[in-house]
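So in our numbering, spot 5 of the sequence shown is number 1, and the numbers just go up one at a time.
Step one of this worksheet: look at the structure below.
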Amino acid sequence: MKKGCFLNAVIIGTILIAAAVYIIENKFDEWFLKPGKELVLNEIINNWDNEFKYIQASSQKDSLKNLLVYYVDNIKSLDEVVHTNEKSFANEFESVIEDSLITKNEISKLTTLVKKELNEESKGN
């Protein structure tokens, strides 16, 4: 390989890597998180009754749906979703829907957890 070809390959490779790093660091949330949030919100709203038909219909079930929509809608970055906190909203949500009954206590616990997680993330940024 000639020196000129190798030098061109290194320059082009460096530019492509720099562009990829820039996109991942600065545009990832805007290009991937926002459309993903919209997709998830549409799925929650449209398929809630089919997916969670085993849960007894109650005001707590409606509150749980609203809380889930609020949580997903207020996620600002992918870091909020993938943090590994044992008391995270996702883990608590799964434990609440295991049985077919949702209590006021469970809703209040989830509400507190959502407020805590969203406040921690806004302080971190």
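The beta carbon of each residue, even a glycine, is placed where N, CA and C say it ideally should be.
By the neighbour-count criterion, in which a residue is buried when 16 or more other Cβ atoms sit within 10 angstroms of its Cβ, Leu109 is buried. Between Leu60 and Ile98, the C-beta gap is smaller than 8 Å, which places the two residues in contact. It is roughly 12 Å from the alpha-carbon of Ile7 to the alpha-carbon of Lys(-1). Taking a cut-off of 8 Å on C-beta distances, the stretch 50 to 64 touches the stretch 90 to 106, as three or more cross pairs fall below it. Taking the Cα positions, Asn22 is about 13 Å away from Lys30. The residues Lys33, Val36, Leu37, Ile40, in chain order, have a CB closer than 8 Å to that of Val68 in the same chain once the five nearest residues on each side in sequence are set aside.
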